[in-house]
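The block underneath contains the structure these notes are about, expressed in structure tokens.
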Amino acid sequence: MDYNDGPGIAAVLALGFLFFVLAVALWVVTSFFLMRIFDKAGVQGKWRAWVPIYNYMVFSKLGDLSPWLILIAIGASIFLSWLPVVGQLISIASYLVLALAAWRVGLKLQKESVWVVLYILLAPVWLGILAFDKSRWNTAIAPAPWVSNAFLSDQTVWPGVPAQVPAGGYAAPGGPGGYPSAPPAGYTPPAPPAGYTPPPPPAGYQAPPAPPAGYQPPPAPPAGYQPPPPAADVTPPPAAQPPAAEPPAAEPPAAEPPAPPRV
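As structure tokens, this is what we get:
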């Protein structure tokens, strides 16, 4: 062993240690930002943001992409990185897949499409802005262009990670006639917080009495039953007119003047 190589080996080790520290710091910062974004999206379990590779699988699910696609892309970029050209192309392709997921996540957090450029150039800055701004998660956006592609679109169901596409595909926020649409299959309303008590009824309110013992609701009409048609409109007879007024009685004749006295 040549002792003259000692300074060179020490420099390589120091440089490797520096890169290791920077990688750990980048992992901590990125995982913390992802945890904040996952909270906005309703993902259960903060640990999901701290598991390498798996956190970006959850991120791709939130971006309407298959999580297995990003797993294949990251795995191929790791194991084929030693190839001169193919390894670099696969690494670029995996980063573009993450950029597509970031584009969809940004839209759901009220960010314009141009924000994806910031993710491509400075992904940690993009994650930090979306993690700490006032935006709220909203899935009522236009469907992804690849929604009909079974290879690209997300069709997996993971407990704790909310589905981004409702059953039956995307639909308008409201149903016909302005009524709200029905919730997706399997939806359960959130439970009230601990210690919640319903408000008391107003003063003087009495609950409706229970039906008497043995009460049975009226039976349903048989199949094919049709209600009788309504009665035809009957025109009522005209009201009787009052009789004509009688003529006034004739006045008695005037009394004759008395005869003059005779002389």
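Note that the sequence shown covers residues -2 to 260 in our numbering. Just so it is clear, CB atoms sit at the ideal spot from N, CA and C, and this is done for glycine as well.
Bounding residues of the alpha helix (DSSP H) (the contiguous stretch that carries residue i)
i      : result
Gly201 : Note, Gly201: premise wrong, no alpha helix (DSSP H); not H, not E.
Ser91  : 83 to 105
Leu59  : 51 to 59
Trp123 : 120 to 129
Ser74  : 64 to 76
Residue burial classification, residue i (beta-carbon count within 10 angstroms, cutoff 16)
i      : result
Arg133 : exposed
Leu127 : buried
Lys131 : exposed
Asn135 : exposed
Gly103 : buried
Tyr116 : buried
Cβ-Cβ separation, residue j to residue i (assumed contact under 8 Å), whole Å
i      : j      : result
Ala38  : Pro159 : 7 Å
Met54  : Leu31  : Wrong, their Cβ atoms sit about 11 Å apart, outside the cutoff.
Ala120 : Ser57  : Actually they do not touch by this definition, with Cβ atoms about 14 Å apart.
Same chain, Cβ closer than 7 Å to residue i, five either side skipped, listed in chain order
i      : result
Leu149 : Leu62, Ser63, Leu66, Trp143
Ala220 : none
Residue i beta carbon near the ligand MG (any heavy atom closer than 7 Å)
i     : result
Val48 : As presented, the structure is devoid of all ligands, the ligand MG included, so that no description of it is given.
Spatial neighbours of residue i in its chain, beta-carbon cut-off 6 Å, leaving aside the 5 residues before and after
i      : result
Tyr338 : Because the chain here runs from -2 to 260, residue 338 falls outside it and cannot be looked at.
Own chain, CB closer than 8 Å to residue i, minus 5 neighbours either side, in chain order
i     : result
Ala23 : Going by the sequence as given, residue 23 is Leu instead of Ala. Closer than 8 Å at Cβ, skipping near neighbours: Pro121.
| said: Quick test of the definition: if touching needs 3 or more C-beta pairs under 8 Å, does the region 105 to 116 touch the region 87 to 94? | reply: no
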